[in-house]
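Asks: The structure is given below, and queries will be raised subsequently.
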Amino acid sequence: MESKRIVITGVSRGLGRAMTARFIAGGQTVSGCARNSEAISDLRSRWSEPHSFDLVDVANDDQVRRWAEKVLAGGPVDLLVNNAALINRSAVLWEVPVEEFDRLVDVNIKGVANVIRHFVPAMVARRRGVIVNFSSGWGRSVSPEEAPYCATKWAIEGLTLAMSHELPRGMTAVPLNPGVIDTDMLRTCWSGDASSYPSPEAWAERAVPFLLQLDPKDNGKQLSVPD
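Quick note on numbering: the sequence shown equals residues 903 to 1129 in my numbering.
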């Protein structure tokens, strides 16, 4: 398989970190971002050029713009993975602090839009490329005390499906439910029960090949990583 250029947000831990390692092990080139400076330094020490890792807050449009300009200067992107996201501390909606709610919207929705704004035009110009926006099981169902997170992931489903109708033929955009994985995010709401689910590394063994085989026939489909 020809090597692809992959862009991933939220590579400091969890699914983003696991996908990065698996893509690189498979011969792909990864450009990633995260807000954790120590994690970015570690990623840079582990994987040098042509891979690249940058300190970026996806909620900051100027930071995303500068990052995209740097990445795109190295060549076109084949697969864009919007993975970065936050989850609220479990609470009924009216008890979620305004600052916490706003930050979820800024990262989970606006952050995805920022990345799309600055990366997708170059993909459209080529009429090639796959955009995967990570949703959730809670982007297609709901759970009490997780209303802010559910709201943002339902938004990602709608945003992605609408965008899929805007892309030229030959391109693909999908909302992806990754499934239930033992991550720090899951532990914030499920605590000890999270350990009964697959690790991010085990999940990536299934998810990365699945992502690499996405093509225009999948455009606009609501997908889930196979078990």
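Think of the CB as a built atom: it goes at the ideal place given N, C-alpha and C, for glycine as much as any other residue. In this text the structure is predicted, and so the values were computed from the model without any measurement.
(1) Can you tell me the Cβ-Cβ gap for GLY1013 and ALA961, rounded? I've got them flagged as a contact below 8 angstroms.
(2) Between LYS906 and LYS1055, what straight-line distance do the alpha-carbon atoms span, to the nearest angstrom?
(3) Please report the residue range of the beta strand (DSSP E) in which GLY912 lies.
(4) Pick out whichever of PHE925, SER1037, ASP956 and VAL973 has its Cα sitting closest to the Cα of GLY1081.
(5) Which residues in the same chain have their Cβ closer than 8 angstroms to the Cβ of ILE926, if we skip the five residues on either side of it in sequence?
(6) Among ASP1084, GLU1107 and ALA1109, which residue has its Cα nearest to the Cα of PRO1100?
(7) Flag this pair as touching only if the region 991-1005 and the region 933-942 have three or more C-beta atom pairs under 8 angstroms; answer yes or no.
(8) Indicate the three-state DSSP secondary structure (helix, strand or coil) for ASN844 in the structure shown.
(9) Buried or exposed for GLU904, going by 16 or more other Cβ atoms inside 10 Å?
(10) On a CA-only basis, which of ARG1028, PRO1128, GLU1048 and LYS1123 is nearest ASN1035? Give me that one, please.
(11) Where does ARG1071 land, buried or exposed, given buried means 16+ other C-beta within 10 angstroms?
(12) Do GLY912 and ALA986 count as a contact pair if the criterion is CB distance below 7 angstroms?
(13) Taking 8 angstroms as the cut-off, does the region 1016-1031 touch the region 972-989 (at least 3 CB pairs, one atom from each stretch)?
(14) Could you tell me which whole beta strand (DSSP E) segments of length 3 or greater appear in the region 942-1016?
(15) How would you call TRP996, buried or exposed, if buried means at least 16 neighbouring beta carbons within 10 angstroms?
(16) In the DSSP assignment, what are the bridge partners of MET1065?
(17) I need the DSSP call for PRO1102, collapsed to helix, strand or coil.
(18) In angstroms, rounded to a whole number, what distance separates the CA positions of VAL966 and GLY916?
(19) I'd like to confirm the pairing. Which residues does DSSP put opposite LEU1078 in its beta bridges?
(20) Grab the span of the beta strand (DSSP E) containing SER933 for me, first residue to last.
Replies: Concretely, from the data shown:
(1) Translated into the one-based positions of the sequence shown, residue 1013 becomes position 111. Translated into the one-based positions of the sequence shown, residue 961 becomes position 59. That belief holds up - the Cβ atoms of GLY1013 and ALA961 are roughly 5 angstroms apart, short of 8 angstroms.
(2) Taking the first residue of the sequence shown as 1, we reach residue 906 at position 4. Taking the first residue of the sequence shown as 1, we reach residue 1055 at position 153. Their backbone Cα atoms lie some 27 angstroms apart in a straight line.
(3) What you label residue 912 is simply residue 10 of the sequence shown in a count that begins at 1. That residue, GLY912, is in no beta strand (DSSP E); it is neither H nor E in DSSP.
(4) Here the question's residue 1081 lines up with position 179 in the sequence shown. For GLY1081, the nearest C-alpha among the options comes from SER1037.
(5) Taking the sequence shown and counting its residues from 1, one reaches residue 926 at position 24. VAL932, TRP949 and HIS953.
(6) For the purposes of this step, residue 1100 is identified with residue 198 of the sequence shown, where counting begins at 1. Checking every option, the nearest Cα to that of PRO1100 belongs to ASP1084.
(7) no
(8) Outside the shown range of the chain, which is 903 to 1129, sits residue 844, and nothing can be said about it.
(9) What you label residue 904 is simply residue 2 of the sequence shown in a count that begins at 1. GLU904 comes out exposed.
(10) Counted from its first residue, the sequence shown places residue 1035 at position 133. Answer by Cα proximity: LYS1123.
(11) Along the sequence shown, read from residue 1 onward, the residue named residue 1071 stands at position 169. Per the 10 Å Cβ criterion, exposed.
(12) Looking up residue 986 in the sequence shown gives position 84. Looking up residue 912 in the sequence shown gives position 10. Contact: yes.
(13) yes
(14) 954-957 and 981-984
(15) Your numbering for residue 996 matches position 94 in the sequence shown. When all chains shown are included, TRP996 counts as exposed.
(16) Counting from one through the sequence shown, the residue named residue 1065 turns up at place 163. MET1065 is not bridged to any residue.
(17) Working through the sequence shown from its first residue, we reach residue 1102 at position 200. Looking at PRO1102 - three-state DSSP - the assignment turns out to be helix.
(18) The residue you call residue 966 lines up with position 64 of the sequence shown. The residue you call residue 916 lines up with position 14 of the sequence shown. The alpha-carbon atoms of VAL966 and GLY916 are separated by roughly 21 angstroms.
(19) Mapped onto the sequence shown, residue 1078 falls at position 176. According to DSSP, LEU1078 bridges with PHE1036 and LEU1125.
(20) The residue you call residue 933 lines up with position 31 of the sequence shown. Taken as a continuous stretch (DSSP letters only), the beta strand (DSSP E) holding SER933 covers 931-936.
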